[in-house]
Amino acid sequence: MVQLDFLSIAGWYFLPGWVTGWTQTAFYAIWIRAGEPRPQPGTQRFANDYRRIYVTVILAYLAYTVYNADYTLQQEPSFYQSLGVPLDATERAIQSRFRRLTVQYHPDKISSDTNRQFAEAFYVHLKHCKDGLINPTKRFAYDRFGPDVLEWQDAKTLYDYVYKGGWAALTYYLGSIGGLIILSMIGYLKKGNFWRYLLTTIFFAFEIHTITRPGAPAFLTYIVNPIITRVSNHPPYLQFQLLTLMRQILISFFIAITQLGPILFPTQPVDGAEPTQSQYDRLEAVIKTGQQETNLLTALELTPFAADPASMRELKTSMRQWLVDNTVRQNPTVRDAMGRVMQPRTNGRPT
Numbered sequence: 075m076v077q078l079d080f081l082s083i084a085g086w087y088f089l090p091g092w093v094t095g096w097t098q099t100a101f102y103a104i105w106i107r108a109g110e111p112r113p114q115p116g117t118q119r120f121a122n123d124y125r126r127i128y129v130t131v132i133l134a135y136l137a138y139t140v141y142n143a144d145y146t147l148q149q150e151p152s153f154y155q156s157l158g159v160p161l162d163a164t165e166r167a168i169q170s171r172f173r174r175l176t177v178q179y180h181p182d183k184i185s186s187d188t189n190r191q192f193a194e195a196f197y198v199h200l201k202h203c204k205d206g207l208i209n210p211t212k213r214f215a216y217d218r219f220g221p222d223v224l225e226w227q228d229a230k231t232l233y234d235y236v237y238k239g240g241w242a243a244l245t246y247y248l249g250s251i252g253g254l255i256i257l258s259m260i261g262y263l264k265k266g267n268f269w270r271y272l273l274t275t276i277f278f279a280f281e282i283h284t285i286t287r288p289g290a291p292a293f294l295t296y297i298v299n300p301i302i303t304r305v306s307n308h309p310p311y312l313q314f315q316l317l318t319l320m321r322q323i324l325i326s327f328f329i330a331i332t333q334l335g336p337i338l339f340p341t342q343p344v345d346g347a348e349p350t351q352s353q354y355d356r357l358e359a360v361i362k363t364g365q366q367e368t369n370l371l372t373a374l375e376l377t378p379f380a381a382d383p384a385s386m387r388e389l390k391t392s393m394r395q396w397l398v399d400n401t402v403r404q405n406p407t408v409r410d411a412m413g414r415v416m417q418p419r420t421n422g423r424p425t
């Protein structure tokens, strides 16, 4: 089954922010006329525009990941597509179609060595497809679990296939819930945990229902497949393809919610709440950064005096005297006395 690849997961964590920043800059360049002030970071309008663009980018990337998952899924044609028969084809129709394809692709009827190698491989594939579909038990298993059932050599009956496939589904969803619990414990998932657990449970129940029923789900047979085959050339989904796509949607949806949560539901500060250790750490980091920048700026300002020790001593003496004078002037008593002395001069009377 198709899984969310590493590049797609990595894209969730750096593409939305990068695309949002680029899009916001381009948006201002196009829609704001030259000479007019642009919204600056820190302003309310800038934050609102960033939020709207970010949400749009996340939803667009979510749609892309679903499309990419479906595209990857369709790169491996199903047994029905390889034989060119509908999903409800009878055993007789499958045998008849296989015989016609045998006439066309049998290796004995190909003269070129290169084409014969391709024909041999394709003929073996067609035979596997035919053998899997004319056997009712294997066909039941293939529709629900995909081509992996060909490797289940120890499975012989319907019970064997359902038990093996059901156990694989249980392992997958238990692992998913365990991963959610770990991410919640380390503080990565702070909101919406209940809905994540609920959706995971619902998807698991639907998957168990799908793999144990004799037919395909009604909404797949009467809604999804008729729509996609009517509006496009997309082949109808089998049960295992639907379940694979739903798993992909579930993972992508969880990542999207994690990205959108802080934007749509920002944490409001609580009045009177005690600062946390992480807040102290961030404050200390900000202070250290400010001190470093101040030291760099001071060193830059003193650069002209660095080569002249006499000028540097004179500068230090002047700065020390300025600090003393400024401290004295800031004293309330001195400030009031200076005000009384300066007031007659302000009024135009001699002292």
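For the sequence shown, my numbering begins at 75 and goes up steadily by one.
Think of the CB as a built atom: it goes at the ideal place given N, C-alpha and C, for glycine as much as any other residue.
Measure the C-alpha to C-alpha separation of residue i and residue j and round it to an integer number of angstroms.
i, j, result
"P310", "L254", "33 Å"
"I297", "T275", "24 Å"
"R387", "L397", "15 Å"
"L64", "P336", "Residue 64 is absent from the model: the chain starts at 75 and stops at 425."
"I104", "V140", "31 Å"
"W241", "I323", "21 Å"
"R171", "H283", "32 Å"
"R270", "G261", "15 Å"
"I106", "T117", "16 Å"
"T363", "P115", "20 Å"
"N405", "Q395", "16 Å"
"R304", "I251", "37 Å"
"L161", "Q178", "23 Å"
"V402", "N122", "48 Å"
"Y197", "L224", "17 Å"
"N209", "V93", "51 Å"
"F293", "D355", "53 Å"
"L357", "A134", "36 Å"
"T295", "L338", "37 Å"
"G95", "Y124", "8 Å"
"G451", "Q365", "Past the boundaries of the shown model lies residue 451; the chain is included only from 75 to 425, so the question cannot be answered."
"E165", "Q155", "15 Å"
"A100", "Y138", "22 Å"
"Y237", "N142", "31 Å"
"D144", "Y246", "20 Å"
"F192", "N307", "26 Å"
"A163", "H180", "23 Å"
"W227", "M259", "The question names Trp, but residue 227 in the sequence shown is Gln. Rounded to whole angstroms, Q227 to M259 spans 41 Å at the Cα level."
"D182", "T211", "31 Å"
"A381", "N400", "28 Å"
"R173", "P288", "28 Å"
"E281", "D222", "17 Å"
"G91", "Q315", "32 Å"
"A383", "L389", "According to the sequence provided, residue 383 is Pro. The question's Ala does not apply to it. Cα to Cα, the separation comes out at about 10 Å."
"F277", "V159", "30 Å"
"S385", "N369", "20 Å"
"H199", "R321", "27 Å"
"Y102", "T407", "54 Å"
"S392", "P378", "16 Å"
Within 10 angstroms of the Cβ of residue i, are there 16 or more other Cβ atoms? Answer buried if so, exposed if not.
i, result
"I285", "buried"
"L175", "buried"
"A411", "exposed"
"A195", "exposed"
"L317", "buried"
"A359", "exposed"
"E367", "exposed"
"N299", "buried"
"V415", "exposed"
Assuming residue i and residue j form a contact by the criterion Cβ under 8 Å, report the distance between their Cβ atoms to the nearest whole angstrom.
i, j, result
"Q313", "A290", "6 Å"
"L319", "L157", "With a Cβ gap of about 23 Å, L319 and L157 do not count as contacting."
"R213", "G206", "6 Å"
"V131", "L334", "Not a contact, Cβ separation roughly 10 Å."
"K201", "I168", "Wrong, their Cβ atoms sit about 12 Å apart, outside the cutoff."
"L136", "S326", "6 Å"
"A229", "Y235", "5 Å"
"G249", "R218", "No, G249 and R218 are not in contact; Cβ-Cβ is about 20 Å, not under 8 Å."
"Q98", "I127", "5 Å"
"Y216", "F153", "6 Å"
"L272", "L263", "The pair is not a contact, with the Cβ atoms about 14 Å apart (cut-off 8 Å)."
"Y329", "W86", "With the sequence shown as reference, residue 329 is identified as Ile, and Tyr is not the correct amino acid for it. So it is a contact: roughly 5 Å between Cβ atoms."
"I331", "G266", "6 Å"
"P113", "R119", "4 Å"
When you compare the CB of residue i with every CB in chain C, is at least one pair closer than 7 Å?
i, result
"P210", "The structure shown contains no chain C; it is built from a single protein chain."
Output the residue ranges of the alpha helix (DSSP H) runs that lie fully inside the region 257-333 and measure 4 residues or longer, sorted by chain position.
267-286, 299-305
Give the list of continuous beta strand (DSSP E) stretches no shorter than 3 residues that lie fully inside the region 98-128.
none
Residue ranges of each alpha helix (DSSP H) within the region 202-263, 4 or longer:
210-219, 232-259
At 4 residues or longer, what runs of the alpha helix (DSSP H) sit wholly inside the region 127-177?
153-157
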